[in-house]
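Throughout the sequence shown, residue numbering follows numbering that gives the first Met the number 0, covering 0 to 128 in sequence.
Backbone N, C-alpha and C fix where the C-beta goes; we use that ideal spot for every residue, glycine too.
Here is the structure we will look at.
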Amino acid sequence: MKEKSEEIFDEELTPEVPKRKIKDTFVFRFVWNRYFILTVAFAVWMIFFDQNSFFVHRELDKQIKLLEVDEQYYQEHLDTESEKLNQLNSNPAEIERIAREKHFLKKDDEDIFIIQEEKVTKPQKKENE
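Quick look at the structure:
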């Protein structure tokens, strides 16, 4: 145990450092600044609760990417169909070929026979036998 003289001596040598209150710190003042609070509240509102929130934009971006893929598919399909149309317009033999194959048209002096192959099926066994 220290004697009184030692305690007094220790108190005299150590300068008294004023303790900082929490309210006086920079971080506390910055966090409780009304502009900072409003900015944080606005950011939270825009990210989570607004009609145009971050999550809504992510979903819309996904839909846009899917639609762009669909657009590319249909553009390629359109190109191939345009090529076929150009062939039909420029080549009368191509028109005749399609008329014969798809629409079963014929010339006046010819006969067309359509042969359809029937599928052979195995006779089913009766369960009673």
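C-alpha distance - residue i paired with residue j, whole-angstrom precision
i	j	result
T38	D60	26 Å
E82	E75	11 Å
L87	V68	29 Å
Q62	E70	12 Å
K134	L65	Given that the chain is displayed from residue 0 to residue 128, the structure contains no residue 134 and the question cannot be resolved.
A98	Y73	26 Å
E109	E93	19 Å
H102	E126	45 Å
Close beta carbons around residue i, own chain, < 8 Å, minus the five adjacent residues each side
i	result
F35	F29
Same chain, Cβ closer than 7 Å to residue i, five either side skipped, listed in chain order
i	result
N32	none
V55	none
Chain-order list of residues whose beta-carbon lies under 6 Å from that of residue i (same chain, five-residue window excluded)
i	result
I111	K105
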